[in-house]
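First to last, the sequence lines map onto chains X and W.
All residue numbers for the first sequence refer to the numbering used here, where the first residue is 136 and numbers rise by one.
All residue numbers for the second sequence refer to the numbering used here, where the first residue is 6 and numbers rise by one.
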Amino acid sequence: MKITQDFIKKIVGMAAQSRQDEIGCDDCFDQLHEFAEIELEGKSAAEAMPLVKDHLKRCGDCREEYEALLEALKTVS
Amino acid sequence: MLNWFKRRGNDKASYDTNEEWIKALKSPVDEQAVDLLRKQLIRGLKPALHKYVDRELDQFVEDVAQDALLKILDNIDSFRGESKLITWAMKIAVREGLTELRRKRYDDRSMEEFKRPSEEGRNEFTSITFSSDLPNPNDATHEQLVLQKVLDIINNELTDKQKKAIKALMIEGLSVTVVADQMNTNRNALYKLVHDARLKIKEKLEISGINPEEIFNNQ
């Protein structure tokens, strides 16, 4: 299949930013409720749980779920 | 003891603490607690999912809340109290809803593509705009040569599965949930597969002496 130079650059960018210690979707999900609550308390969840934050930056599905979770919790809190 | 009386009375039960919730949601399940949790899930799911659902939002979130409740009751023993119970339960419900929506969105898209079948995609990556395709290789810019080298790394160092995953996620723009379904795996394993691919590309770039900054600075 054919791909563009921009796409190759995107892959290179993602590869260059890769870390050995990234967590996967399961580990992120296991900690997401805690992460969300820290954030809603106005504290820095990214500082407290940097690997969850890192995963959310990289994974669109997990990020979408996190944002929807915050939206839901604003209503029931 | 107070809880016992509250539950016996069956009209004024309160679930203010995680301990009360956990007790109520463990077998034998307190139906009043389940009903209250269902209502809270529905209340949260509506604003969280409304932008993804174009019709029958109420019915959709009720179904999602019901499916999520089964998972919550099945997994109540795994809740360790790091947050309020509702936060943990809502997390499960939101994932349930979005997973369902992603699959549905993909089914609709597949039907569209079925009507207009596209070229059968191979996993091999090629590009007409790269140096090897120029009439005279000497015309290739330094950037094109570097990009061709990257392309070779992708083609020669990644497994077919890794190439297939990258193609689906990054070129076709499919969600991790859908691609995992297609490849008969799960999200976590798919993430790991692509993570390994990224690390492999990074390692090979370093060995080849290619500095990623160089690629971006030449834009």
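Backbone N, C-alpha and C fix where the C-beta goes; we use that ideal spot for every residue, glycine too.
These numbers were taken from a predicted model, which means no experiment stands behind them.
Proximity of leucine 167 of chain X to chain W, defined by a Cβ-Cβ separation below 8 Å, is satisfied.
Annotated as distal: arginine 203 of chain W and alanine 207 of chain X, with beta-carbon spacing of 8 Å or more. Any Cβ of chain W closer than 8 Å to the Cβ of serine 179 of chain X would place that residue at the interface, and such an atom is absent. Per DSSP, reduced to three states, the secondary structure at serine 115 of chain W is helical. Within the model, the alpha-carbon separation for proline 33 of chain W versus glutamate 67 of chain W is close to 23 Å.
Between arginine 192 of chain W and cysteine 160 of chain X, the beta carbon gap of about 4 Å places them in contact (Cβ cut-off 8 Å). Scanning chain X for C-beta atoms nearer than 8 Å to the C-beta of histidine 200 of chain W yields Ser153, Glu157, Gly159, reported in chain order. Annotation for alanine 202 of chain W: the continuous alpha helix (DSSP H) segment containing it runs 192-212. By the Cβ-count criterion, alanine 98 of chain W is buried, with 16 or more other Cβ atoms from all chains shown falling within 10 Å of its own Cβ. For leucine 74 of chain W and glutamate 25 of chain W, the gap between their C-alpha atoms comes out near 17 Å. With fewer than 16 other beta carbons inside 10 angstroms of its own, lysine 56 of chain W counts as exposed. Within the region 159-211 of chain X, the complete alpha helix (DSSP H) segments of 4 residues or longer fall at 160-175, 180-183, 185-193, 195-211, listed in chain order. 8 Å or more divides the Cβ of alanine 53 of chain W from the Cβ of isoleucine 77 of chain W. For valine 58 of chain W, the three-state secondary structure derived from DSSP is coil.
Excluding residues up to 5 positions away in sequence, Leu179, Val184 lie with their Cβ nearer than 6 Å to the Cβ of alanine 173 of chain W in the same chain. The shortest C-alpha to C-alpha distance from threonine 139 of chain X to any of W:Thr22, W:Gln167, W:Met175, W:Asp165 is the one to W:Met175. Distance from the CA of glutamate 211 of chain W to the CA of glycine 177 of chain X, rounded to the nearest whole angstrom, comes to 40 Å.
In its chain, beyond the 5 residues on either side, Ile158, Glu162 have a beta carbon closer than 7 Å to the beta carbon of lysine 209 of chain W. When secondary structure is reduced to three states using DSSP, valine 151 of chain W falls in the helix class. Cβ-Cβ distances below 8 Å link serine 213 of chain W to Lys154, Ile158 in the same chain, with the five nearest sequence neighbours on each side left out; the list follows chain order. By the Cβ rule, the region 185-201 of chain X counts as touching the region 100-113 of chain W, because three or more pairs are nearer than 8 Å. Distance between serine 179 of chain X and leucine 204 of chain X, taken at the CA atoms: about 17 Å.
For the C-beta of glutamine 45 of chain W, the chain X residues within less than 7 Å are, from N- to C-terminus, Val211.
Taking a beta-carbon distance threshold of 8 Å, glutamate 176 of chain X does not count as an interface residue toward chain W. Per the coordinates, the alpha-carbon of aspartate 113 of chain W lies some 20 Å from the alpha-carbon of arginine 100 of chain W.
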